[in-house]
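Residue numbers (the working numbering): -19 to 126.
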């Protein structure tokens, strides 16, 4: 495992639905529900996560060259055949306040942040006391990065 240090930063709040919501939910909710039918075993893993992202700005560039899961055409809204994107996930350990949590790097391929090598979104189970500007780190298996 390789470790990367970062700081938690504010995101756009679309994933959680706090800034923009669709039927009361954010984009993560609808994407995860769509995945339920495509990959039930992966769905069982990600349904343990809070339906929002933790945004991290890292000290160093990180280039993920292998994803554990990629879904090419994930629709954001139920009964929609137009608004979709490719999303990918890679397992990590999120280290925050001396605790390790199994989490996932989440990459929506249409995101305005998709090419930033120091900024990542992760999804994780509920973690208490997360605040902006707090230090954190991720641990990732070196087979996923370049």
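Glycine included, C-beta positions come from ideal geometry on N, C-alpha and C.
query = For residue 88 versus residue 29, is the C-beta distance shorter than 7 Å?
reply = no
ask   = Thinking just about the alpha-carbon of each residue, which of 102, 122, 48, 118 is nearest to the one in residue -10?
value = Looking at 102, 122, 48, 118, the one whose alpha-carbon comes closest to that of residue -10 is 102.
Candidates 83, 120, 76: closest to residue 108 by CA position = For residue 108, the nearest C-alpha among the options comes from 76.
query = From which residue to which residue does the alpha helix (DSSP H) around residue 24 run?
reply = 20 to 26
request  = Just tell me which of 84, 121, 37 has its CA closest to the CA of residue -14.
outcome  = 37
query = With burial defined as no fewer than 16 other Cβ atoms inside 10 Å of the residue's Cβ, what is the status of residue 79: buried or exposed?
reply = exposed
task = Have a look at residue 33 and residue 69 and give me their C-alpha separation to the nearest angstrom.
result = 12 Å
request  = Take residue 98 as the anchor and find which of 19, 124, 42 has the nearest alpha-carbon.
outcome  = 42
inquiry  = Within a Cβ cutoff of 6 Å, which residues of the same chain sit near residue 124, ignoring the five residues on either side of it in sequence?
reply    = 44, 46, 70
key: alpha helix (DSSP H) segments (min. 4 residues) lying fully within the region 25 to 89   = none
query = Among the residues of its own chain, which have a CB less than 8 Å from the CB of residue 112, if the five just before and after it don't count?
reply = -12, -11, -10
task = With DSSP as the reference, label residue -15 as helix, strand or coil.
result = Under the three-state reduction of DSSP output, residue -15 falls in the strand class.
Whole-angstrom distance between residue 18 and residue 52, CA atom to CA atom = 11 Å
Bridge-paired residues (DSSP) for residue 118 = -16, 74
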